[in-house]
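So the structure is just underneath, and the comments pick up after that.
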Amino acid sequence: MATVEVSKPVSAIATKSKDVDMPATESAAAEVEETAGGEGSTEAGDDVKEKVLTQIEFYFADSNLPYDRFMWTLHTANAEHWVPLATVSSFKRMRQFQDKGLPWIADVLRQGSDMLEVDESGTSVRRRKEVREPVGQFERSVYAKGFGEETPKLQGELENFFGKWGKVSAVRMRRMDQTKKFKGSAFCEYADMDSVTRFLEADPKPQWDGEDLLTMSKEAYCEMKVKEKGLTGKAADYRATHYTQRKGGFNAFAKDSTKEKGKKSNAEEKPEIFLEFLGVRLKINQDDGGSVEESEIPFVKGASLKFTGCGGDVSFSEIKVPLKERFQRPPYVKYQRGDDFGLLGFDKTLSDEDIAFIREQLEIVNDNVVEWEVPDEETEKAFQIERAKAAAQRVISNSDNRGSGGRGGGRGGRGARGGRGGRGGRGKRGGGRNREAKRDDAAEAGEKRKRAIEPDGGPDTKGKGVPVLQVAKKAKADSS
256 MATVEVSKPV SAIATKSKDV DMPATESAAA EVEETAGGEG STEAGDDVKE KVLTQIEFYF
316 ADSNLPYDRF MWTLHTANAE HWVPLATVSS FKRMRQFQDK GLPWIADVLR QGSDMLEVDE
376 SGTSVRRRKE VREPVGQFER SVYAKGFGEE TPKLQGELEN FFGKWGKVSA VRMRRMDQTK
436 KFKGSAFCEY ADMDSVTRFL EADPKPQWDG EDLLTMSKEA YCEMKVKEKG LTGKAADYRA
496 THYTQRKGGF NAFAKDSTKE KGKKSNAEEK PEIFLEFLGV RLKINQDDGG SVEESEIPFV
556 KGASLKFTGC GGDVSFSEIK VPLKERFQRP PYVKYQRGDD FGLLGFDKTL SDEDIAFIRE
616 QLEIVNDNVV EWEVPDEETE KAFQIERAKA AAQRVISNSD NRGSGGRGGG RGGRGARGGR
676 GGRGGRGKRG GGRNREAKRD DAAEAGEKRK RAIEPDGGPD TKGKGVPVLQ VAKKAKADSS
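Going by my numbering, the sequence shown opens with residue 256, and the numbers climb by one from there.
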């Protein structure tokens with residue numbers, strides 16, 4: 256079903272394809288709760304019939320049926336693909352019509368649908384034609400931002416809004432991956448390119464509550480996001496593909512393809528890697544060198560401190576060592592050589608007692624009296640985003656280094672670490688930069704247990720932490 260990073264699919268007129276912002280639901284009954292169309296039906300006659308027809312046809316549409324696990328299960332339950340009409344009418348979006356009875360619903364389908372047919376008993380319904388994989392969905396999709404806060408009827412209102420410019424196949428409200436909070440933006444998939452053109456070239460520009468919307472094609476949106484992230488080369492190509500393809504969730508076409516080509520072995524599949532950051536578990540995208548969705552990075556107010564007046568030459572250990580007495584993990588330090596200031600990041604909101612302790616222990620830094628203050632909210636947010644992104648990259652980098660060993664380089668034989676071009680033997684040192692065998696064994700054992708990584712601040716209960724953020728060039732490297 257639909258999702259959203261990864262978005263919620265739409266209603267009777269929408270495709271339930273999965274988007275970049277939300278994971279797809281697994282049953283039509285659950286999905287229907289998310290799709291559009293108003294609650295309660297006060298219209299009479301043809302208007303009500305049209306709603307029923309549109310909603311049921313949506314369930315069986317190419318854009319929804321093969322991506323809705325529950326509907327696909329019903330569709331394939333028997334060789335003739337008959338689906339119980341009583342089950343379909345029990346979905347949340349259909350409950351408002353239940354009082355009219357199954358015979359009435361069956362009659363609506365018989366009289367108005369070219370897509371569906373009802374059996375002689377009036378108790379089952381099916382498609383007239385075979386399911387086909389949709390094409391051109393990406394090209395027929397537009398992006399719009401500026402819809403404000405979510406309301407109970409917003410999905411239906413958005414469908415009606417986009418419908419002013421043409422026939423809508425899907426409206427997907429974009430949501431945060433973790434919290435599912437509405438982002439205030441949506442993707443609309445139109446049924447044809449003429450509708451796309453009318454929407455994008457509308458004059459006056461589309462408005463919501465009297466305010467102009469930010470609008471563009473989905474392709475333009477994807478290009479914009481790639482540029483914002485500063486991606487180039489393979490990373491940019493991967494991100495572009497990430498936006499254009501249906502990701503995750505149920506897909507009957509992919510499932511059939513897998514059967515034909517053979518499933519990949521578990522050994523070939525990359526295990527997911529997560530980053531435990533400021534109390535939130537962030538999934539790391541491994542294919543672009545290590546990244547996390549910026550929208551999912553938490554903001555913990557008061558978890559940072561800024562120092563000023565250090566004189567331009569600070570040792571990381573000079574800051575970290577005095578704080579070990581109070582903080583289980585040392586702070587994350589950002590400082591560039593030559594600057595008279597720097598930032599410290601912690602794993603929690605600092606109490607007044609914490610701040611007093613830091614000021615007392617670090618009253619003098621680099622033989623200079625420094626001033627300590629909580630940075631403004633904008634600075635602290637940017638700092639925490641920077642921390643999370645750098646930590647994710649470090650995690651993947653460390654993971655790649657650990658996995659690239661073996662004969663001739665990287666990790667050597669059992670009990671040793673091979674250096675550049677070197678090879679460690681059993682219980683011996685490898686060539687180049689090596690570590691003691693005991694440390695290497697311990698690292699291997701720890702790696703088997705590790706699946707989540709805490710980059711800075713706060714106890715790591717599942718594996719060792721990630722080094723401090725690398726600062727700009729000419730900055731001192733923090734090796735701790």
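Backbone N, C-alpha and C define an ideal beta-carbon position, used for all residues, glycine too.
Nearest-angstrom Cα distance between Ser318 and Glu531? Counted from its first residue, the sequence shown places residue 318 at position 63. Counted from its first residue, the sequence shown places residue 531 at position 276. Their Cα atoms are separated by approximately 36 Å.
Is the CB-CB distance between Lys482 and Phe393 below 7 Å? Along the sequence shown, one-based indexing puts residue 482 at 227. Along the sequence shown, one-based indexing puts residue 393 at 138. Cβ atoms of Lys482 and Phe393: not closer than 7 Å.
With a cut-off of 8 Å on the beta carbons, I'd call Phe417 and Trp463 a contact; round off their distance for me. Mapped onto the sequence shown, residue 417 falls at position 162. Mapped onto the sequence shown, residue 463 falls at position 208. Phe417 to Trp463, Cβ: 11 Å. No contact.
Enumerate in chain order the residues of its own chain whose CB-to-CB distance from Leu371 is below 8 Å, with the five nearest sequence positions on each side excluded. Reading the sequence shown from its first residue, position 116 is the one you call residue 371. Spatial neighbours of Leu371 in its own chain (CB-CB distance under 8 Å, excluding positions within 5 residues in sequence) are listed in chain order as Ile311, Glu312, Phe315, Leu364, Val380, Arg381, Arg382, Arg383.
Do Phe352 and Val390 come within 7 Å of each other at the CB atom, strictly closer than that value? Along the sequence shown, read from residue 1 onward, the residue named residue 390 stands at position 135. Along the sequence shown, read from residue 1 onward, the residue named residue 352 stands at position 97. With respect to Phe352, Val390 sits apart: the two C-beta atoms are not nearer than 7 Å.
With 16 other Cβ atoms within 10 Å as the buried cut-off, status of Glu628: Here residue 628 refers to the residue found at position 373 of the sequence shown. Answer is exposed; the Cβ neighbour count stays below 16.
Could you please give the first and the last residue of the uninterrupted alpha helix (DSSP H) stretch that includes Arg387? Within the sequence shown, residue 387 is the residue found at index 132, counting from 1. Segment: none, Arg387 is in no alpha helix (DSSP H) and carries neither H nor E.
Please return the same chain residues whose Cβ sits closer than 7 Å to the Cβ of Ser368, not counting the five positions on each side in sequence. Translated into positions along the sequence shown, residue 368 becomes position 113. The residues are Leu308, Glu312.
Report the CB separation of Lys589 from Phe638 in whole angstroms; it is logged as a contact under 8 Å. For the purposes of this step, residue 589 is identified with residue 334 of the sequence shown, where counting begins at 1. For the purposes of this step, residue 638 is identified with residue 383 of the sequence shown, where counting begins at 1. Under the criterion of beta carbons closer than 8 Å, Lys589 and Phe638 qualify as touching, at roughly 7 Å.
On the criterion of 16 or more Cβ atoms from any shown chain inside 10 Å, does Pro407 qualify as buried, or is it exposed? By 1-based counting over the sequence shown, the position of residue 407 is 152. Per the 10 Å Cβ criterion, exposed.
Please identify the residue among Asp432, Tyr445, Leu455 whose C-alpha is closest to the C-alpha of Val423. One-based indexing of the sequence shown puts residue 423 at position 168. Across the set Asp432, Tyr445, Leu455, the C-alpha of Tyr445 shows the shortest separation from the C-alpha of Val423.
Using the three-state DSSP reduction, which class does Pro339 fall into: helix, strand or coil? Reading the sequence shown from its first residue, position 84 is the one you call residue 339. In the structure shown, Pro339 falls within a strand segment according to DSSP collapsed to helix, strand and coil.
Rounded to the nearest angstrom, what separates Ala643 and Met471 at their Cα positions? On the sequence shown, residue 643 is found 388 positions in, with the first residue counted as 1. On the sequence shown, residue 471 is found 216 positions in, with the first residue counted as 1. Answer to the nearest angstrom: the Cα atoms are 30 Å apart.
For Ser396 and Gln366, I'd like the C-alpha separation in whole angstroms. Stepping through the sequence shown from its first residue, residue 396 is reached at position 141. Stepping through the sequence shown from its first residue, residue 366 is reached at position 111. Taking the straight line from one Cα to the other gives about 32 Å.
Under the three-state DSSP convention, the category Asp467 falls into: As a first step, residue 467 must be located in the sequence shown, where it is residue number 212. In the three-state DSSP reduction, Asp467 falls in the strand class (E or B).
Proximal residues to Pro630 (C-beta, below 6 Å), its chain only, five neighbours per side dropped: Against the sequence shown, residue 630 aligns to sequence position 375. Excluding the 5 residues flanking it on each side, Pro630 has same chain C-beta neighbours closer than 6 Å at Ser559, Lys561, in chain order.
In whole angstroms, what is the alpha-carbon distance linking Glu385 and Leu533? Here residue 385 corresponds to residue number 130 of the sequence shown, with the count starting at 1. Here residue 533 corresponds to residue number 278 of the sequence shown, with the count starting at 1. A direct Cα-Cα distance of roughly 49 Å separates Glu385 from Leu533.
Quick check on the burial criterion: 16 or more other C-beta atoms within 10 angstroms. Buried or exposed for Met448? As a position in the sequence shown, residue 448 is number 193, starting the count at 1. Burial state of Met448 is exposed, judged by a 10 Å Cβ sphere holding fewer than 16 other Cβ atoms.
Can you list, in chain order, the stretches of the alpha helix (DSSP H) that have 4 or more residues and sit fully within the segment 578-666? Scanning the segment 578-666 for uninterrupted alpha helix (DSSP H) segments of 4 residues or longer gives 607-616, 632-658, listed from N- to C-terminal end.
Let's test the definition: count the other Cβ atoms within 10 Å of the Cβ of Met349 and tell me whether it reaches 16, buried, or not, exposed. In the sequence shown, the residue the question calls residue 349 occupies position 94. Around the beta-carbon of Met349, 16 or more other beta-carbon atoms lie within 10 Å, marking it buried.
List the residues that DSSP assigns as beta-bridge partners of Tyr398. Within the sequence shown, the letter at position 143 stands for residue 398. In the DSSP output, where bridge partners are listed per residue, Tyr398 has Phe442, Met471.
For the beta strand (DSSP E) that Lys538 lies in, which residues bound it at each end? In the sequence shown, residue 538 corresponds to position 283, counting from 1. Annotation for Lys538: the continuous beta strand (DSSP E) segment containing it runs 535-538.
What number of angstroms, rounded off, separates the C-alpha of Leu329 from the C-alpha of Leu409? Here residue 329 refers to the residue found at position 74 of the sequence shown. Here residue 409 refers to the residue found at position 154 of the sequence shown. In this structure, the alpha-carbon of Leu329 lies about 29 Å from that of Leu409.
Distance between Glu608 and Ala490 (C-alpha atoms, nearest Å): Reading the sequence shown from its first residue, position 235 is the one you call residue 490. Reading the sequence shown from its first residue, position 353 is the one you call residue 608. Per the coordinates, the alpha-carbon of Ala490 lies some 44 Å from the alpha-carbon of Glu608.
Going by DSSP, which residues form a beta bridge with Leu560? The count along the sequence shown starts at 1 and reaches residue 560 at position 305. For Leu560, which the question treats as bridged, DSSP gives the partners Leu599.
Reduced DSSP category for Gly411 - H, G, I as helix; E, B as strand; rest coil: Along the sequence shown, one-based indexing puts residue 411 at 156. It is helical.
Can you check which of these residues, Pro339, Ala425, Gln433, is closest to Lys538 by C-alpha distance? Position 283 of the sequence shown, counted from the first residue, corresponds to residue 538. It is Gln433.
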